[in-house]
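Asks: Residue numbers (our numbering), protein chains in the order written: chain A, 156 to 461; chain B, 156 to 461. We put the CB at the ideal spot given by N, CA and C, even for glycine. Please read these numbers as outputs of a predicted model, since none were measured by experiment.
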């Protein structure tokens, strides 16, 4: 058994298991101060350890930016998040301090979700795909040849530059770093800032959903041009809204202008841009997947299989 | 020995060798009709075969879009290029027809250059980097964990969407597919279309170089956000112009706004955005690298080394 911990910007989700078929019920609590949240995480890990004596590892899929390189001295440290009291917090150190004998694997929340989709969801059998979540923030993981891309730190696709037409959308954007980057224009809070209402209270035919779909299409186009994923899997409350998905497919098709051979038929967009398959378990299953992959037992099995 | 063939949009470059230290002098001829160019390629391959009896393979790094998946029935076929008479041409078939006993490896020109830089140039030791060329067209290769990313077909970063301020740049762009995509706004021909003169005849302090540098900075920002390369290596006459590189570094720094921790110091941009190191041999060395990597002999050596 492995423990999965998804540390999201608004809530923490935990479960134990080895995959979707034996996953325990999800345990959720809000992401509050690091102190309160840490205490809740540690308490829940202790419960799993009491219930399952064979816990082999803990996987953490966390919001970022976060240092995910195990060789880096700051491994586990959260960097320039707008959640100010979380800056400098080290989730790996916390777990190591309380559970020194259990291996801890770490990646970003979106890379975790990408691993979950690769193992058990919409990324199975693909060389290259992206996982995009659009909710309170916008994040994306890029999965290439069997693992998430880390590179300089990890991708931050929410902060991509996109085109805004001030005549159509006078909202200047609300990213504290970049103003009208993608996240500043298309995240959940931007919808409330524009309309005065939270997205869940707006009618499905509100114009703002077309605007958000058009902005997300620009993300999908630039991803397709820069990294050529075979599929883009979507998560998050805003991203999953059917009106947003439908519009982003149509706008992607219009923008790409027949240039990408594999996407020349509008129908091909149904598969290219689609909801992630693990639903609300994607993040925590990804965290479990991280722990499974990091386990020496798993590596031994994989080597035998080769 | 291996033969490298770089098939570019304006010229073909060929050489033989196993790497930069034993590469023969470069042979160049213009890219004309497929018939004339094919004949010249075949003639040159025959010369190498006569000179070096131990030719183990041919590597081709070609302009695209081109089918680079060896398992695809259209492997080697050039797709929607603006060079109309090249559409449907199959470079692999040509070589197989004339030299049935020699293995042929194929990738795009930019992926080839990325392989060359990974083996012998500015990509050595990096997990993730990008190679960008800006000249007649704009292309980019993305190299992740030991190989170029292919995905859906291969990246086409020249056709990324970027921001144009019509007040500053009224030029509507000249991409036949997308108008003012990056290639439509920042390739060599766009400079001539705006100024009436070819770039090489313009003074170094012409405003157009600042404009091009700013557009390329947007490419680099979006690459950094989507794929987080550890380095971006630049090629091509426009891309390599010192005024363009300097401006694109400064604009990248301004746009990212301190968000990317590894690039918080302006000096870090010197290493992050830098000229490719193999110069005018990058393409053909990449083609040689492709053949070397595809060779069963090389694979045997690599396995022994493990």
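1. Report the residue ranges of all alpha helix (DSSP H) runs contained in full by the segment 283 to 363 of chain B; include only those spanning at least 4 residues, in chain order.
2. Can you tell me whether residue 408(A) is helix, strand or coil according to DSSP?
3. Would you mind sorting residue 288(A) into buried or exposed? The rule is 16 or more other CB atoms within 10 Å of its CB.
4. For residue 390(B), which of 269(B), 169(B), 231(B) has the nearest alpha-carbon?
5. Do residue 449(A) and residue 286(A) have their C-beta atoms within less than 9 Å of each other?
6. Consider the Cβ of residue 445(A): report whether some Cβ of chain B lies at a distance smaller than 9 Å.
7. Given the structure, does residue 187(B) come close to the ligand ATP, in the sense that its CB is under 8 Å from one of the ligand's heavy atoms?
8. What is the C-beta distance between residue 157(B) and residue 171(B), in whole angstroms, given that I count them as a contact (C-beta under 8 Å)?
9. Measure from the C-beta of residue 329(B) to each C-beta in chain A and report whether the shortest distance is under 9 Å.
10. Name the chain A residues whose beta carbon is nearer than 8 Å to that of residue 176(B)?
11. At a Cβ threshold of 9 Å, is residue 392(B) touching chain A?
12. Could you tell me the distance, in whole angstroms, from the CA atom of residue 153(B) to the CA atom of residue 165(A)?
13. Which runs of the alpha helix (DSSP H) spanning at least 4 residues fall entirely within the segment 215 to 287 of chain B, listed in chain order?
14. DSSP state of residue 201(A), grouped into three classes?
15. So, for residue 453(B): in the same chain, excluding its five sequence neighbours on each side, which residues have a beta-carbon less than 7 Å away from its beta-carbon?
16. Which bits of chain E does residue 310(B) rub up against, with CB to CB less than 7 Å?
17. Between the Cα of residue 233(B) and those of 227(B), 225(B), 226(B), 242(B), spot the shortest distance and give me the residue it belongs to.
18. Quick test of the definition: if touching needs 3 or more C-beta pairs under 8 Å, does the segment 369 to 377 of chain A touch the segment 395 to 403 of chain A?
19. Provide the residue span of the beta strand (DSSP E) that contains residue 429(B), from first to last.
20. CB residue 247(B) to CB residue 265(B), shorter than 9 Å?
21. Here's the rule I'm using: 16 or more other beta-carbon atoms within 10 Å means buried, otherwise exposed. How should residue 180(B) be labelled?
22. Taking any Cβ of chain A, which residues in the segment 319 to 344 of chain B have a Cβ under 7 Å from it, in chain order?
23. Could you tell me which residues DSSP pairs with residue 388(A) in its beta bridges?
24. Against chain A, with Cβ distances strictly below 9 Å, would residue 458(B) count as a contact?
25. What in chain B is Cβ-close to residue 306(A), meaning under 7 Å?
26. Got a sec, what are the start and stop residues for the beta strand (DSSP E) residue 171(B) sits in?
27. Below 9 Å between beta carbons: does that hold for residue 388(B) and residue 442(B)?
28. Report the CB separation of residue 398(B) from residue 368(B) in whole angstroms; it is logged as a contact under 8 Å.
29. Which word fits residue 201(B), buried or exposed, when buried means at least 16 other C-beta atoms lie within 10 angstroms of its C-beta?
30. Tell me the DSSP secondary structure of residue 183(B) in three-state form.
31. Whole angstroms are fine: how far does the CA of residue 237(B) sit from the CA of residue 229(B)?
32. What's the call for residue 194(A), buried or exposed, on a 16-neighbour Cβ count within 10 Å?
33. Using a 10 Å radius around the Cβ and a threshold of 16 neighbouring Cβ atoms, would you call residue 419(B) buried or exposed?
34. Helix or strand or just coil, what does DSSP make of residue 461(B)?
35. Taking its Cβ as the centre, do 16 or more other Cβ atoms sit within 10 Å of residue 303(B), making it buried, or is it exposed?
36. Rounded to the nearest angstrom, what separates residue 174(B) and residue 204(B) at their Cα positions?
Replies: A quick look at the data gives this:
1. 337 to 341, 343 to 350
2. helix
3. buried
4. 269(B)
5. In this structure, residue 286(A) does not lie closer than 9 Å to residue 449(A) by Cβ.
6. no
7. The ligand ATP is absent from the structure shown, which contains no ligands of any kind.
8. In this structure residue 157(B) is in contact with residue 171(B), their Cβ atoms being roughly 7 Å apart against a cut-off of 8 Å.
9. no
10. The premise fails here: residue 176(B) is roughly 30 Å from chain A at the closest Cβ pair, so nothing lies under 8 Å.
11. no
12. Residue 153(B) falls outside the range modelled here, since chain B spans only 156 to 461, and no answer is possible.
13. For the segment 215 to 287 of chain B, whole alpha helix (DSSP H) runs of length 4 or above, ordered along the chain, are 246 to 253, 264 to 275.
14. helix
15. Excluding residues within five positions, the ones whose Cβ falls inside 7 Å are 447.
16. Protein chains in the displayed structure are A and B, and chain E is not among them.
17. 242(B)
18. The segment 369 to 377 of chain A, when compared against the segment 395 to 403 of chain A, does touch it at the 8 Å Cβ threshold.
19. 428 to 430
20. no
21. exposed
22. Here the close residues are 332, 333.
23. 286(A), 429(A)
24. At residue 458(B) the pLDDT is 49, less than 50, meaning the model places this residue with poor confidence; the figure from the coordinates comes in the next sentence. No, because no Cβ of chain A sits closer than 9 Å to the Cβ of residue 458(B).
25. 282, 283, 382, 383, 384, 385
26. 166 to 172
27. no
28. Yes, residue 398(B) and residue 368(B) are in contact; Cβ-Cβ is about 7 Å, under 8 Å.
29. So residue 201(B) counts as exposed.
30. strand
31. Going from the Cα of residue 229(B) to the Cα of residue 237(B) covers about 19 Å.
32. exposed
33. Residue 419(B) should be labelled exposed.
34. Because the pLDDT at residue 461(B) is just 40, under 50, the model does not fix this residue reliably, and the value given afterwards should be weighed accordingly. Coil.
35. buried
36. 18 Å
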